[in-house]
Amino acid sequence: MRPVITLTTDFGLDDPFVGIMKGVILSIAPDAEVVDITHGIRPQDVAQAAYAIKSAYAYFPKKTVHVAVVDPGVGGARRPMAAEYDGRRFVGPDNGIFSGILGPGARAYELARPRYFLKTVSGTFHGRDIFAPVAAWIARGTALSKLGPRITDPRVLDSPKPSFDGNQLKGQIVYIDRFGNLVSNIDSDWMDRCFSGPGNLTVMAGKKKIGPILTSYSQARRGQCGGIVNSWGHLEIFCREGNAAKCLGYGISETVAVSRERAKP
Amino acid sequence: MRPVITLTTDFGLDDPFVGIMKGVILSIAPDAEVVDITHGIRPQDVAQAAYAIKSAYAYFPKKTVHVAVVDPGVGGARRPMAAEYDGRRFVGPDNGIFSGILGPGARAYELARPRYFLKTVSGTFHGRDIFAPVAAWIARGTALSKLGPRITDPRVLDSPKPSFDGNQLKGQIVYIDRFGNLVSNIDSDWMDRCFSGPGNLTVMAGKKKIGPILTSYSQARRGQCGGIVNSWGHLEIFCREGNAAKCLGYGISETVAVSRERAKP
Amino acid sequence: MRPVITLTTDFGLDDPFVGIMKGVILSIAPDAEVVDITHGIRPQDVAQAAYAIKSAYAYFPKKTVHVAVVDPGVGGARRPMAAEYDGRRFVGPDNGIFSGILGPGARAYELARPRYFLKTVSGTFHGRDIFAPVAAWIARGTALSKLGPRITDPRVLDSPKPSFDGNQLKGQIVYIDRFGNLVSNIDSDWMDRCFSGPGNLTVMAGKKKIGPILTSYSQARRGQCGGIVNSWGHLEIFCREGNAAKCLGYGISETVAVSRERAKP
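What follows is the structure, encoded as structure tokens:
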């Protein structure tokens, strides 16, 4: 069975960087299947990358090696890292890029053994020189414990948490997808805990009333906005056959609030 | 021999959606080879997707499973579908996305058996929850007839047809590629039937005379526009080493007309 | 072991062209592993493609077949070509796209045997009709000498070379990557020959003083520009966690100069 290696970067697809990483991987692990998660992370936006990997990793087979390289600190003091969690492996800089994933039970290691790197390590492209070759060696069976000493304090991003005042559950937009859907940090767990489920809930975004939480896009009229629990279990504001970000003029960090709909008198 | 699965969507490459579908496929059919046709379909433009798949499908090996997901009706009443035609298989929503392909001889089935889906089916991402897993099961050998009941009335898009008045063959621009080439709905079959071949034909686009139909881009001078039968057998307006869409200021639906060139007196 | 075929084109990813080439390849060489180097070359920019392939090719395993199609002369007089160099194979138009690679020791052949092409060869898409199938046949073991006669005068692009006046090494920007890094044609060999290494050197770009050559991005302050020898061994102007092309307002062809830093009195 072919080992699977995924790539998530901010390299874009116009330069040869991603292709070069694949060449390095195939030179070491010729039977690896390399899959792109995305290379369209905004340059140096570690938080967006963390969100993408968190959403995607568990849909891949166990033993998959997920490589993530959004690495503004390349060549500096940040540690290169490999980790294991939930049967998958993760390789990238220790800069918080895996903070959505590495919970209790994760084991992380610093990449400290140059024998698993390319012979020459540049100061600017560790994706090619360190992360791709290490991922390939892991795919070939190298144990993580061989790569270097344990990391017990991996970097975790400070991410905004929703808050509940007994009446209103308040969160914010944390991701906007290509369709202009505004994804909030309010997930179904939060709604379950605060309201025992999404039934009869109503959504506000910024100062605008969006309406009840629907269960499919087609429940809204064309051009109308609505709330929905999206495919990652997060509350999302959409516009049917339109672009909610553009329609509403909202972006990352905009407030989203959920409350119990009042019965009309 | 590895089964081939292709993907055509409007998901773009900046979000993790496409990677997630590949993870789902590899979890079910680990030896599948997944190939992107394009993920750059304009959001919700089913007609553009239909055109892309029609142009590409036959260049893939027999047994290839072509998955297409441009799905504004996701979670609503439109049926999920699998079909067989010309030795290839097709998986996607029954919204006309395969109307360029599914002619007489096609057999289509509704996807009605949740055992071939992911355990939880969201209301917003059937690419992940239904179409990817079904494609993987087909690639593994599941017969289409096991997926659900026959569909005898698959949705077909209304697409503009050329017209001929005995003198002029009139069509319109239906696709514009990245080079700005303006692809019309007039194909060589139409020209053969109306004029017995493309010899001595002259092309108009909108109100501008383009000139004779050439057989290679290099027959035009740099910056000059010309007509050509393109690699899909369609009449196309190009600008040599330039962008015809920009030069001419024309877009989708602009008129294109072909007529016999008059001998000069 | 699966043969590896890479693709470098200016086709973009919004049209089905790249997918079609992969379909053709897999129809002939079903076990080939097809890897994208980039499809984001600016339309018809052969020099940019040459640069991308030169930077990437050697990171792939020996025997890899590198296909490059930026081909403004398609259908015209330029010869289709295959070549061998440094254990890799190269397939594309003979228009200078491999001029960064094909040094002494390269053997090049004209593609003159239609039995290795698709049955019908269009005038507009040799990527599909000639280059993809030839690459697949090479991957399957066809010797290059079977493809056609030797080419002894492959086209080579005129590329700007740095100059040294005994004091200042002058070059220019030849590539700008997605991060806005300005890559010059001055490589470490040039700096070694002119100054015996990069120590104590100072960089100018246009009329602006950039400063000393650093060894990692993190040595600059946030938002500050610096010089660095990049991962391809070229002198590059970067802006830490910013975009040097935008900050400095510089583009392709802008002057870059290196000189020995004077000790302050």
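In the order they appear, the protein sequences are chains C, H and V. If you read the first sequence in this note's numbering, its first letter stands for residue 145, the second for the next number, and so on. If you read the second sequence in this note's numbering, its first letter stands for residue 145, the second for the next number, and so on. If you read the third sequence in this note's numbering, its first letter stands for residue 145, the second for the next number, and so on. Every residue, glycine too, gets a C-beta built ideally from N, C-alpha and C.
Any C-beta of chain V sitting closer than 7 Å to the C-beta of residue i?
i, result
"R223 of chain H", "no"
"D180 of chain H", "yes"
"S243 of chain H", "no"
"P304 of chain C", "no"
"P160 of chain C", "yes"
"A388 of chain H", "no"
Pull up the DSSP beta-bridge partners for residue i, would you.
i, result
"R232 of chain H", "H:Y229"
"I274 of chain C", "According to DSSP, which records beta bridges pairwise, I274 of chain C is partnered with nothing at all."
"Q312 of chain V", "V:S403"
"M348 of chain H", "H:K353, H:A401"
"E254 of chain H", "H:M225"
"Y394 of chain C", "The partner list for Y394 of chain C (beta bridge, DSSP) is empty, contrary to what the question assumes."
"C369 of chain C", "C:C383"
"A212 of chain V", "V:T152"
"Y319 of chain C", "C:V327"
"H183 of chain H", "Note: H183 of chain H sits in no beta bridge, so no partner."
"R294 of chain H", "H:Y253"
"L301 of chain C", "None; L301 of chain C has no bridge partner."
"L358 of chain C", "C:I372"
"P205 of chain V", "Beta-bridge pairing links P205 of chain V to no other residue."
"S307 of chain V", "V:K314"
Listing by chain order, which chain H residues have their CB less than 8 Å from the CB of residue i?
i, result
"R146 of chain C", "P174, D175"
Could one say the Cβ of residue i lies closer than 7 Å to chain C's Cβ atoms, at least one of them?
i, result
"F269 of chain H", "yes"
"L157 of chain H", "yes"
"N344 of chain V", "no"
"G184 of chain V", "yes"
"A196 of chain V", "yes"
Counting only C-beta atoms, is residue i closer than 7 Å to chain H at any point?
i, result
"N239 of chain C", "no"
"L255 of chain V", "no"
"N396 of chain V", "With the sequence shown as reference, residue 396 of chain V is identified as Ile, and Asn is not the correct amino acid for it. Answer no: the Cβ-Cβ gap between I396 of chain V and chain H never drops below 7 Å."
What residues of chain C sit near residue i, judged by a beta carbon separation below 8 Å?
i, result
"V218 of chain H", "S360, Y361, S362"
"P205 of chain V", "G167, L170, S171, P174"
"I372 of chain V", "G267, T268"
Run through chain H and tell me which residues come within less than 9 Å of residue i, C-beta to C-beta.
i, result
"E385 of chain C", "P187, Q188, P216"
"I164 of chain V", "I181, S199, A200, Y203, F204, S375"
Could you name the residues of chain H that residue i contacts, counting a contact when the two beta carbons are closer than 7 Å?
i, result
"S375 of chain C", "S266, T268, F269, R272"
"T150 of chain C", "G163"
Measure how close the beta-carbons of residue i and residue j come, nearest whole angstrom, since I'm counting them as under 8 Å.
i, j, result
"Q312 of chain C", "S403 of chain C", "5 Å"
"D321 of chain H", "V327 of chain H", "7 Å"
"M225 of chain H", "A256 of chain H", "That pair is no contact at about 10 Å."
"P187 of chain C", "A196 of chain V", "Wrong, their Cβ atoms sit about 19 Å apart, outside the cutoff."
"A349 of chain V", "E380 of chain V", "That pair is no contact at about 10 Å."
"A212 of chain H", "A280 of chain H", "At roughly 15 Å, the Cβ-Cβ gap does not stay under 8 Å, so A212 of chain H and A280 of chain H are not in contact."
"L301 of chain V", "S243 of chain V", "5 Å"
"S362 of chain V", "G220 of chain C", "3 Å"
"V148 of chain H", "E177 of chain H", "5 Å"
"K206 of chain H", "G231 of chain H", "4 Å"
"G400 of chain C", "V347 of chain C", "Checking the sequence, you will find Val at residue 400 of chain C rather than Gly. Yes, V400 of chain C and V347 of chain C are in contact; Cβ-Cβ is about 7 Å, under 8 Å."
"L262 of chain C", "R272 of chain C", "7 Å"
Would you please verify whether the beta carbon of residue i is less than 7 Å from any beta carbon of chain A?
i, result
"L392 of chain V", "The structure shown contains no chain A; its protein chains are C, H and V."
ask   = Between the region 308-329 of chain C and chain H, which residues of the former have CB atoms less than 7 Å from a CB of the latter, in chain order?
value = Within the region 308-329 of chain C, the residues whose Cβ lies closer than 7 Å to some Cβ of chain H are D321, R322, F323, listed in chain order.
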